[in-house]
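For the sequence shown, the numbering used here gives the first residue as 3, with consecutive numbering after it. To keep things clear, I will list the structure first and then write my remarks on it.
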Amino acid sequence: MAKSEYWLKIEEDLKDASLDIENSRFPSSVFHSQQCAEKVCKAILSSLGIESGKTHFPSSVLELMVMRGNKFQLTSKELETLNRIVNFSKLLESQKESPRYGWETVDKIIMPSEIYDANKAGALFNNAKEVMELGRKFLKGSK
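Written as structure tokens, this is what we have:
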């Protein structure tokens, strides 16, 4: 898949997250926000020649393989951008399966709609939007 096509998928996930919020589908918005952030991290890894493999935690791969030791000789500004991407992405990745399956307790399953409301979905959407903007900035300015 071409880089531009991959970035279109990222933008589509963010657009879907926005539409989900508009239609009060808050768990779905969180899922699409999470997908957006994951794909941004994977796009950055790919641009550096790193195959992330199948993971839902690409920010950890980014942190371990790129940021630690700075073997790609990134500038302090690039490292700061990556650090922000990683921090925002980890918040989204930590949602794991909750937007789709909820939480299973001893007594019942707490539905995703009981976990996510407009405020939570909006905050996580804003994180994804920031990740996308920072990712675009990094990819335009990276080596």
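By construction, the Cβ of each residue, glycine as well, lies at the ideal position given by its N, Cα and C atoms. All values reported here derive from a predicted model rather than from experimental measurement.
Going by DSSP in three states, E82 sits in which element: helix, strand or coil? For this step, residue 82 is matched to residue 80 along the sequence shown. Here E82 sits in helix by DSSP.
Where are the alpha helix (DSSP H) runs, 4 residues long or more, that stay fully inside the segment 4-49, in chain order? 5-24, 28-49
Following the continuous alpha helix (DSSP H) through G124, name the residue where it begins and the one where it ends. As a position in the sequence shown, residue 124 is number 122, starting the count at 1. Start and end: 120-143.
Would you check if the distance between the CB atom of P114 and the CB atom of G104 is smaller than 8 angstroms? Translated into the one-based positions of the sequence shown, residue 114 becomes position 112. Translated into the one-based positions of the sequence shown, residue 104 becomes position 102. Yes, the Cβ-Cβ distance between P114 and G104 is below 8 angstroms.
Round the Cβ separation of S35 and N129 to the nearest angstrom and send it over; I've been treating them as touching at under 8 angstroms. Mapped onto the sequence shown, residue 35 falls at position 33. Mapped onto the sequence shown, residue 129 falls at position 127. With 8 angstroms as the limit, S35 and N129 qualify as a contact, their Cβ atoms being about 7 angstroms apart.
Would you call the CB atoms of I12 and K56 closer than 8 angstroms? Numbered from 1 along the sequence shown, position 10 holds the residue referred to as residue 12. Numbered from 1 along the sequence shown, position 54 holds the residue referred to as residue 56. Taking 8 angstroms as the Cβ cut-off, I12 and K56 do not qualify as a contacting pair.
Closer than 6 angstroms by C-beta to R86: which residues in its own chain qualify, once you throw out the five before and the five after it? Chain order, please. Indexing the sequence shown from 1 puts residue 86 at position 84. So the qualifying residues of the chain are L136.
Taking Cβ positions, are F59 and E14 nearer each other than 8 angstroms? Working through the sequence shown from its first residue, we reach residue 59 at position 57. Working through the sequence shown from its first residue, we reach residue 14 at position 12. No; because the gap between Cβ atoms is not below 8 angstroms, this pair is not in contact.
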